[in-house]
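Throughout, the numbering used here is defined as the position within the sequence shown, counted from one, plus 3. Note that the Cβ used here is the ideal one computed from N, Cα and C, for glycine as well. Okay, structure first, notes after.
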Amino acid sequence: MPELTSSDSFIVEVKESKRQKEVGILLEKIRKLATSNAEEVVALRHHFHTFPERSWEEVETSKKVVDVLKGLGCTILKTGFGGTESGVVAELKGGKPGGCVALRADMDALPLQEENAVPYASQTPCVMHACGHDAHTAMLLGAAKILAEIRDELPGTVRFLFQPAEESGLRSGAKAMLDEGALDGVDSIGGLHVWSLAPTGTVLYRSGPVMAAADAWYLTIKGKGGHGSSPENAVDPTITAANLVLNLQAIVGREVSARETAVVSTGVVKAGETVFNIIPDSVTMNGTVRTFNPAVQDTLEAAIRRVIAGLCAAGRCEFELDYRRNLPATINDHAVTMTAKSVCEAMMGAENVKETELIMGSEDFSYFERKVPGTFFFLGTGNPEKGTNNPHHHPKFNVDDDALPAGAALLAGFAWARLTGEVRG
Ligand code: NI
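What follows is the structure, encoded as structure tokens:
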């Protein structure tokens with residue numbers, strides 16, 4: 004390629020600055036549409052909050068989502084996943100040819116009694132949107148409305164994933180959607196989570212690993228019960244359990260590099276009943292393991308199995324171990340994350356967009372990112388004056404409604420940017 008003369012490079016510069024201006028104008032248009040749709044998105048969030056549904060039971064939520072999407076001219080591709088009536092996949096085709104980008108919202112609530120005194124409080128006893136998935140569903144519908152309004156300018160297709168059962172742990176809604184083809188034909192994916200620990204008006208992003216893999220282990224140590232006065236005639240599983248609680252902690256300290264991040268926690272230890280002088284037959288123990296690096300995950304599983312087998316043998320106990328890899332780590336693609344970051348900076352101001360620390364919680368969005376490059380980012384919704392800064396899964400968790408238009412705009416802006424390839428960061 005010949006070198007550019009100064010006049011050629013001047014033309015390129017002018018063209019680029021003209022294009023940048025056009026990009027800025029379109030992102031501004033998306034932001035304005037989000038502001039004018041704000042009331043509708045807030046009303047949708049309140050509706051979903053009032054009528055929460057637990058994992059795999061999001062039937063009425065799914066029906067409402069379908070109604071709204073149909074009204075926007077979206078094509079419904081599939082409803083019902085995992086043999087249930089929960090979950091919706093829909094598409095909006097743009098006015099120009101191009102690729103396909105997916106946006107995802109999870110829809111499920113938690114088994115928790117709401118303690119917020121708000122007009123839109125949950126009407127279902129012991130079921131509550133305490134993680135903000137009501138806001139996710141409403142914001143993605145808001146994004147769909149914005150994108151429908153700029154449909155003619157969209158080069159390609161936006162796929163909307165309204166996912167059941169993010170909270171279900173063992174039976175992931177994301178995995179079910181993936182297995183049933185929800186991402187077939189998709190080039191990249193974006194999703195966001197409201198974040199009460201960050202202030203309203205801010206966004207957190209991270210390239211690479213961002214949320215941990217969550218493994219769980221369930222152990223039964225079998226000894227031989229007996230009288231507490233004569234332990235020599237019994238095989239005491241409590242001693243082995245006590246040794247295990249301490250020795251499991253040594254694994255992270257001694258077998259994992261200090262440069263890696265990992266946690267092993269014992270959550271349940273049950274030995275004996277209420278009688279003081281009986282050595283129990285068996286002890287049950289459960290725990291969790293959090294990692295970001297799949298190699299560290301392998302090391303920890305192998306070490307935990309070895310330490311359990313070794314200590315049980317030393318204590319003359321038998322054991323049954325069920326070790327489950329519940330969720331993989333959420334690992335964000337660099338290029339897709341940089342697109343999201345640039346869109347966030349353009350819409351929220353660079354000073355309000357920050358890199359997050361590693362988050363030890365987990366997210367089944369990770370399954371989608373194993374299939375296509377994607378990014379998962381966090382929208383600040385914490386506002387102490389409104390009391391929306393309680394932790395997630397708390398009975399007084401709530402979302403600052405003022406953050407919702409920005410969330411809808413960021414999702415729509417991200418989809419537009421991925422399709423046009425204009426904003427690369
Ligand atoms: Ni959540």
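Please return the same chain residues whose Cβ sits closer than 6 Å to the Cβ of residue i, not counting the five positions on each side in sequence.
i	result
E358	R209
F400	A133, N393
G424	none
G226	V238, D239, P240, C320
A219	T291, R327, N329
V197	G135, A138, L382, T384, V402
Return the CA-CA distance between residue i and residue j, expressed in angstroms with no decimal places.
i	j	result
A312	E323	10 Å
V266	G364	11 Å
L157	V71	20 Å
L207	A274	43 Å
Q126	D239	49 Å
F368	Q23	32 Å
S89	S268	33 Å
K67	V91	10 Å
E60	P234	50 Å
E304	S260	15 Å
V45	K35	16 Å
P114	C129	5 Å
E1	E348	As displayed, the chain neither begins before 4 nor continues past 428, which places residue 1 out of reach and without an answer.
L80	I362	33 Å
T53	H136	12 Å
V255	G85	36 Å
A317	A217	29 Å
Buried or exposed: which applies to residue i, given that a residue is buried once 16 or more other Cβ atoms fall within 10 Å of its Cβ?
i	result
A253	exposed
N40	buried
I33	buried
L413	buried
G377	buried
V394	Inspection of the sequence shows that residue 394 is occupied by Pro rather than by Val. The residue in question, P394, is exposed, as its Cβ has fewer than 16 Cβ neighbours within 10 Å.
A93	buried
R107	buried
S175	buried
I334	buried
Q116	exposed
N280	exposed
E170	buried
P398	exposed
R308	exposed
V26	buried
L222	buried
Restricting to Cα atoms, I'd like to know which of the options is closest to residue i.
i	options	result
H396	N119, R293, C103	N119
L195	M214, V69, A185, G188	M214
P55	T140, R328, L181	T140
M341	K24, A179, V356, R327	V356
L247	V121, A420, D301, V286	V286
K331	E425, K178, K73	Looking at the sequence itself, residue 331 is Pro, so the reference to Lys does not match. Here the closest residue by C-alpha is K178.
M288	V197, C315, L47	C315
A418	L222, T205, R309, G145	G145
L143	P212, T205, A37, T302	A37
H337	G211, E258, T277	G211
V271	I224, H230, T87	I224
V121	H49, E170, A245, V278	H49
G83	E183, E25, K21	E183
A201	E360, A306, T277	E360
G231	E276, T302, R257	E276
Less than 8 Å between C-beta atoms, sequence neighbours within five positions excluded: which residues of the same chain meet that for residue i?
i	result
L95	L75, G76, C77, T78, A147, L150, A151, R154, L157, T160, V161, F163
R421	G102, V104, D190, S191, G193, V339, T342
N1	With the chain covering only 4 through 428, there is no way to say anything about residue 1.
Sorted by chain position, which residues of the same chain lie with C-beta nearer than 7 Å to residue i's C-beta, five sequence neighbours on each side aside?
i	result
E263	N296, V299
V375	L186, V189, D190, S191, I192
T64	F51, E56, M110, T140
G416	L30, I33, V346, M350
L181	Y370, F371, K374
T391	S199, T384, G385, N401, V402, D403
Taking 8 Å as the cut-off, does the segment 401-419 touch the segment 372-392 (at least 3 CB pairs, one atom from each stretch)?
yes
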